[in-house]
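Numbering (this note's numbering), first residue to last: 341 to 850.
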Ligand code: ATP
């Protein structure tokens, strides 16, 4: 079965049943936008994070890892623009009272077409005559007519239109967009809503003690830029890296761990001379594709979206969204952005601390603010992409089976070890010995003696274990020529071969 046919329900059900991911606070009815990772989910996540850290940090000479506090001085979030601008446009359905994100509600193509026509008809055309003529014509999109009066009103507030807020956007929605819950077109006025979780630091709850849970890990790196320079004196280009939790009060968490309120990010802030940004951007773009390969994401399901001029953050000169074909459609997996010198400049201005860079031996007047390339990868969206693309249904031995075709480098269990029979102490003892030796050698290993071998294989297939090793009487020397050999079975083909115990480690590491 192709991955396209895999449904999100299948993934959610497998994840819960086999201990990858559970709904958060489940015995209390859950908490929307939160999930708890079980033993196999933790192992999978750790493998993803360790591989990322290896490829993005330790395999290189120019990277500095940090683990900054989640709570930060609120001034850091004022400087980065998050207090003022980290907002989502929201709208209430006046009929069913459900709240929705406007940018996810509208048909993006249609909305953009309207903005374009608004610009062409009312903002860029100088002549009153032309405007008058155009006003007579209704705007058309996909053969649906959009009342020119609506368009005209939208034009009066172009900024609100871009931000998806205000009474003009309300008119647009009332004309064209049905509520996905109740089907009515009775919308309130779309407004902005800050997505940061606010909290109070210390015993008093007043404006002076307000702080926020970080909405991205990047800030923790920018505020440590000077520390890294002072401790390590790195030469440009160099980068900082961090893996950690981020929190966003998403108004409509959805699609399992795709859009949640508490998630993990793996981020790099890579500092470059302004003239070198393109070279570094392309280099990180290549590293991100190499990482996608290493974790086993099929090339055909990973796509690049070059974010258009008008859609990027104002400080970004280039952004690529790495998108993935999830069971619910093509959606953002990771981001890569050229953030210019915006962050260091903003933190420098707000903190009054000089965050310029001067290379050893250069003159004081050569100080400048480095520019930044930021590869930003969400752990949870990565895990979901891995599960969705690995989920496979095929036929083996005349029976249908579902299994996870995980890359061995990230499989939570690398190998399972079975004694052929549970009630033969000599088999169990030998199997335990091999299991413990593999564990001590650092191989993620599981012992299973429950049920018949066929069932054990199915259980391991379902969690993506690449190999199963069985200890039988030949291992113990029933046929002397097979003494100290085991059978090793391949998850994808079901093929089995006999190998010497002494060759096991090498086989599993190849
Ligand atoms: P979206 O447009 O989907 O809300 P974004 O562009 O705001 O995402 P960024 O701010 O670029 O996301 O965050 C970097 C990465 O963090 C994303 O590419 C994604 O992998 C992850 N991420 C962001 N928001 C969430 C979330 N609510 N749940 C899970 N992962 C997230």
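Cβ atoms here follow ideal geometry from the backbone N, Cα and C, with glycine treated the same way. Computed from a predicted structure; not experimentally measured.
Inset, instruction - Determine the contact status of residue 642 and residue 664, defining contact as a CB-CB distance below 7 Å. - result: Here residue 642 corresponds to residue number 302 of the chain shown, with the count starting at 1. Here residue 664 corresponds to residue number 324 of the chain shown, with the count starting at 1. It is a contact, given that the beta carbons lie within the stated cut-off.
Inset, instruction - Report yes if the C-beta of residue 718 is less than 6 Å from at least one heavy atom of the ligand ATP; otherwise report no. - result: To locate residue 718, count along the chain shown from 1; it is residue 378. Yes.
Inset, instruction - Quick one: using the 10 Å Cβ neighbour count with 16 as the cut-off for buried, is residue 776 buried or exposed? - result: Locating residue 776 in the chain shown gives position 436, counting from the first residue. Exposed is the call here.
Inset, instruction - Measure from the alpha carbon of residue 373 to the alpha carbon of each residue in 812, 632, 752, 602, then state which is nearest. - result: Start at 1 with the first residue of the chain shown, and residue 373 comes out as number 33. Of 812, 632, 752, 602, the residue nearest in Cα terms is 602.
Legend entry - Where the alpha helix (DSSP H) through residue 773 begins and ends: Taking the chain shown and counting its residues from 1, the one referred to as residue 773 is at position 433. The continuous alpha helix (DSSP H) containing residue 773 extends over residues 765–780.
Inset, instruction - Following the continuous beta strand (DSSP E) through residue 583, name the residue where it begins and the one where it ends. - result: Here residue 583 is taken as the residue at index 243 of the chain shown, counted from 1. Run containing residue 583: 578–587, per the beta strand (DSSP E) assignment.
Inset, instruction - Could you give the DSSP three-state label for residue 613: helix, strand or coil? - result: Looking up residue 613 in the chain shown gives position 273. Coil, per DSSP.
Inset, instruction - Report the residue ranges of all alpha helix (DSSP H) runs contained in full by the stretch 686–744; include only those spanning at least 4 residues, in chain order. - result: DSSP runs (the alpha helix (DSSP H)) wholly in the stretch 686–744: 719–730.
Legend entry - Minimum length 4: unbroken alpha helix (DSSP H) runs contained in the stretch 405–462: 414–419, 422–425, 442–445, 448–458
Inset, instruction - Taking 7 Å as the cut-off, decide whether the C-beta atoms of residue 771 and residue 845 are in contact. - result: As a first step, residue 771 must be located in the chain shown, where it is residue number 431. As a first step, residue 845 must be located in the chain shown, where it is residue number 505. For residue 771 and residue 845, no; Cβs fall outside 7 Å.
Legend entry - residue 663 beta carbon near the ligand ATP (any heavy atom closer than 6 Å): To locate residue 663, count along the chain shown from 1; it is residue 323. No - the ligand ATP has no heavy atom lying nearer than 6 Å to the Cβ of residue 663.
Legend entry - Close beta carbons around residue 736, own chain, < 7 Å, minus the five adjacent residues each side: The residue you call residue 736 lines up with position 396 of the chain shown. Result list for residue 736: 834, in chain order.
Legend entry - Heavy atom of the ligand ATP within 6 Å of residue 804 beta-carbon: Looking up residue 804 in the chain shown gives position 464. No - the ligand ATP has no heavy atom lying nearer than 6 Å to the Cβ of residue 804.
Inset, instruction - Identify whether residue 630 lies in helix, strand or coil by the three-state DSSP scheme. - result: If you number the chain shown from 1, residue 630 lands on position 290. In the structure shown, residue 630 sits in a helix (DSSP, three-state: H, G or I).
Legend entry - Start-to-end residues for the beta strand (DSSP E) that takes in residue 361: Position 21 of the chain shown, counted from the first residue, corresponds to residue 361. Taken as a continuous stretch (DSSP letters only), the beta strand (DSSP E) holding residue 361 covers 361–363.
Legend entry - Alpha carbon of residue 394 to alpha carbon of residue 387, nearest angstrom: On the chain shown, position 54 is the one that residue 394 refers to. On the chain shown, position 47 is the one that residue 387 refers to. Each residue's Cα considered, the two are about 10 Å apart.
Legend entry - Test item: CB-CB of residue 623 and residue 582 under 7 Å: Sequence index remark: in the chain shown, residue 623 carries index 283 (1-based). Sequence index remark: in the chain shown, residue 582 carries index 242 (1-based). No. Outside cutoff.
Inset, instruction - Go ahead and label residue 385 buried or exposed: buried means 16 or more other beta carbons lie within 10 angstroms of its beta carbon, across all protein chains shown. - result: Against the chain shown, residue 385 aligns to sequence position 45. Classification of residue 385: buried, given that the 10 Å Cβ count is 16 or more.
Inset, instruction - With a 10 Å radius around its C-beta and 16 neighbouring C-beta atoms as the bar for buried, classify residue 830 as buried or exposed. - result: Taking the chain shown and counting its residues from 1, one reaches residue 830 at position 490. Under this definition residue 830 is an exposed residue.
Inset, instruction - State the Cα-Cα distance for the pair residue 804 and residue 731, rounded to the nearest angstrom. - result: In the chain shown, counting from the first residue as 1, residue 804 sits at position 464. In the chain shown, counting from the first residue as 1, residue 731 sits at position 391. Computed Cα separation, rounded: 9 Å.
Legend entry - Selected residue, minimal CA-CA separation from residue 417, among 722, 536, 619: On the chain shown, position 77 is the one that residue 417 refers to. Nearest option by C-alpha distance: 536.
Legend entry - Run of the beta strand (DSSP E) containing residue 533, from where it starts to where it stops: Residue mapping note: residue 533 aligns to position 193 of the chain shown, counting from 1. Note, residue 533: beta strand (DSSP E), 531–534.
Legend entry - Heavy atom of the ligand ATP within 6 Å of residue 605 beta-carbon: The residue labelled residue 605 in the question sits at position 265 within the chain shown. Correct: residue 605 has its Cβ closer than 6 Å to the ligand ATP.
Inset, instruction - Note down the Cα distance separating residue 452 from residue 640, rounded to an integer number of angstroms. - result: By one-based count along the chain shown, residue 452 stands at place 112. By one-based count along the chain shown, residue 640 stands at place 300. Rounded to whole angstroms, residue 452 to residue 640 spans 28 Å at the Cα level.
Inset, instruction - Give every residue of the same chain whose Cβ lies closer than 8 Å to the Cβ of residue 637, excluding the five residues on either side of it in the sequence, and list them in chain order. - result: The count along the chain shown starts at 1 and reaches residue 637 at position 297. Excluding five sequence positions before and after residue 637, the CB atoms of its chain that fall closer than 8 Å to its own CB belong to 664, 725, 726, 729, given in chain order.
Inset, instruction - List the endpoints of the continuous beta strand (DSSP E) containing residue 643. - result: Numbered from its first residue, the chain shown carries residue 643 at position 303. Run containing residue 643: 642–646, per the beta strand (DSSP E) assignment.
Legend entry - Helix, strand or coil at residue 807 according to DSSP, with G and I counted as helix: By one-based count along the chain shown, residue 807 stands at place 467. Residue 807 falls in the strand class under three-state DSSP.
Inset, instruction - With DSSP collapsed to three states, give me the class of residue 496. - result: Looking up residue 496 in the chain shown gives position 156. Per-residue confidence for residue 496 stands at a pLDDT of 49, beneath the threshold of 50, marking its modelled position as unreliable; the derived number appears in the next sentence. Reduced to three states, the DSSP call for residue 496 is helix.
Inset, instruction - List the whole-angstrom C-beta distance separating residue 659 from residue 676, where the pair is believed to meet the contact cut-off of C-beta under 8 Å. - result: Counting from one through the chain shown, the residue named residue 659 turns up at place 319. Counting from one through the chain shown, the residue named residue 676 turns up at place 336. Residue 659 to residue 676, Cβ: 7 Å. Contact.
Inset, instruction - Return yes when the C-beta of residue 721 is under 6 Å from any heavy atom of the ligand ATP, and no when it is not. - result: As a position in the chain shown, residue 721 is number 381, starting the count at 1. Because some heavy atom of the ligand ATP lies under 6 Å away, the Cβ of residue 721 counts as near it: yes.
Inset, instruction - Apply the 10 Å Cβ neighbour rule to residue 750 and answer buried if 16 or more other Cβ atoms are within range, or exposed otherwise. - result: Working through the chain shown from its first residue, we reach residue 750 at position 410. The residue is buried, with at least 16 neighbouring Cβ atoms inside 10 Å.
Inset, instruction - Decide if residue 754 is buried, meaning its Cβ has at least 16 other Cβ atoms within 10 Å, or exposed. - result: As a first step, residue 754 must be located in the chain shown, where it is residue number 414. Label assigned to residue 754: buried.
Inset, instruction - On a CA-only basis, which of 825, 733, 806, 802 is nearest residue 813? Give me that one, please. - result: As a working note, residue 813 is residue 473 in the chain shown. Out of 825, 733, 806, 802, 825 has the C-alpha closest to the C-alpha of residue 813.
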